[in-house]
Amino acid sequence: MIQTQQHRMCKDGVYSRMNTVVLSHGMHSDLSTWDSFGEQLAESGRDTWQIEMYGD
0 MIQTQQHRMC KDGVYSRMNT VVLSHGMHSD LSTWDSFGEQ LAESGRDTWQ IEMYGD
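For the sequence shown, counting from 1, position 9 maps to 8 in numbering that gives the first Met the number 0; every step adds exactly one.
Listed below in structure tokens is the structure:
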């Protein structure tokens with residue numbers, strides 16, 4: 000199980016024949032932007048990842 004400060008509970012990764020989906024935030028947002036949509040994708044059986052991409 001993956002746990003972070005913002006996303007305390009994530010499901011274990013599972014094998015899926017569907018395409019993997021990677022979600023990242025925009026310049027003026029964070030991962031919470033994708034929470035609802037990410038859950039919908041995961042519940043539909045897609046391997047869904049939310050990633051943080053910080054820059055300098």
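Backbone N, C-alpha and C define an ideal beta-carbon position, used for all residues, glycine too.
Problem set entry | Terminal residues of the beta strand (DSSP E) in which residue 22 lies | Taking the sequence shown and counting its residues from 1, the one referred to as residue 22 is at position 23. That run of the beta strand (DSSP E) goes 20-23.
Exercise. Who are the Cβ neighbours of residue 17 in its own chain at under 7 Å, not counting the five residues just before and after it?
Worked result: Here residue 17 refers to the residue found at position 18 when the sequence shown is read from its first residue. Excluding positions up to five away in sequence, the list reads 44, 45.
Exercise. Span of the beta strand (DSSP E) holding residue 47?
Worked result: Counting from 1 along the sequence shown, the entry for residue 47 is found at position 48. Note, residue 47: beta strand (DSSP E), 47-50.
For this session: Please say whether residue 21 and residue 40 have beta carbons closer to each other than 8 Å?
Result: Numbered from 1 along the sequence shown, position 41 holds the residue referred to as residue 40. Numbered from 1 along the sequence shown, position 22 holds the residue referred to as residue 21. No, Cβ-Cβ distance for residue 40 and residue 21 is not below 8 Å.
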